[in-house]
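Residue numbers (the working numbering): 40 to 176.
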């Protein structure tokens with residue numbers, strides 16, 4: 040069984056796990072399904088994604104069905120959904136990513152660059168500037 044390895048941006052993670060899967064591309068939905076059902080895809084979740092989800096929940100921009108801490112614990116119960124820590128070497132990749140004003144997006148791209156993996160994202164600026172390999176269509 041061949042495995043695929045990816046990094047996720049914030050919005051695809053939210054779409055998949057907050058019952059808004061219709062907003063995902065078919066390719067992205069299949070990747071998340073493979074990670075949660077057959078474990079044939081491993082999806083890394085950068086620390087800044089978790090932080091951004093926390094801020095969105097706290098600001099009531101998104102709603103989750105349980106306390107944030109429990110939601111995160113349940114997310115990582117899936118063996119193929121793996122946290123990706125924001126390390127010093129990742130910060131080296133972050134430095135110089137000036138195409139985007141959003142520090143979270145730059146940190147997420149830096150994680151994908153550090154891991155040398157495609158990023159699941161439909162962010163317009165990322166698709167325009169292609170700072171890393173993208174996984175969507």
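Glycine included, C-beta positions come from ideal geometry on N, C-alpha and C.
Integer Cβ distance of residue i from residue j, believed to fall under 8 angstroms
i, j, result
"residue 143", "residue 51", "Wrong, their Cβ atoms sit about 14 angstroms apart, outside the cutoff."
"residue 63", "residue 55", "6 angstroms"
Bridge partner(s) assigned by DSSP for residue i
i, result
"residue 45", "82"
"residue 173", "158"
Straight-line Cα distance separating residue j from residue i
i, j, result
"residue 92", "residue 48", "11 angstroms"
"residue 120", "residue 114", "7 angstroms"
"residue 165", "residue 156", "15 angstroms"
"residue 59", "residue 102", "12 angstroms"
"residue 30", "residue 130", "Here the chain comprises residues numbered 40 to 176, so residue 30 is not present and cannot be evaluated."
"residue 109", "residue 116", "11 angstroms"
"residue 145", "residue 136", "6 angstroms"
"residue 174", "residue 67", "7 angstroms"
"residue 70", "residue 43", "8 angstroms"
"residue 98", "residue 85", "20 angstroms"
"residue 61", "residue 128", "35 angstroms"
"residue 147", "residue 65", "22 angstroms"
"residue 141", "residue 162", "11 angstroms"
"residue 89", "residue 134", "21 angstroms"
"residue 159", "residue 126", "20 angstroms"
"residue 77", "residue 100", "31 angstroms"
Own chain residues within Cβ distance below 7 angstroms of residue i, not counting five before or after
i, result
"residue 107", "93 and 96"
"residue 154", "46, 83 and 123"
"residue 176", "64 and 66"
Chain-order list of residues whose beta-carbon lies under 6 angstroms from that of residue i (same chain, five-residue window excluded)
i, result
"residue 132", "149, 152 and 153"
"residue 172", "157"
"residue 75", "117"
Residue-chain proximity (residue i, chain B), Cβ-Cβ < 9 angstroms
i, result
"residue 82", "In the structure shown, chain B cannot be found, because there is only a single protein chain."
Check: What runs of the beta strand (DSSP E), each 3 residues or longer, lie entirely inside the segment 84-153?
Finding: 120-123
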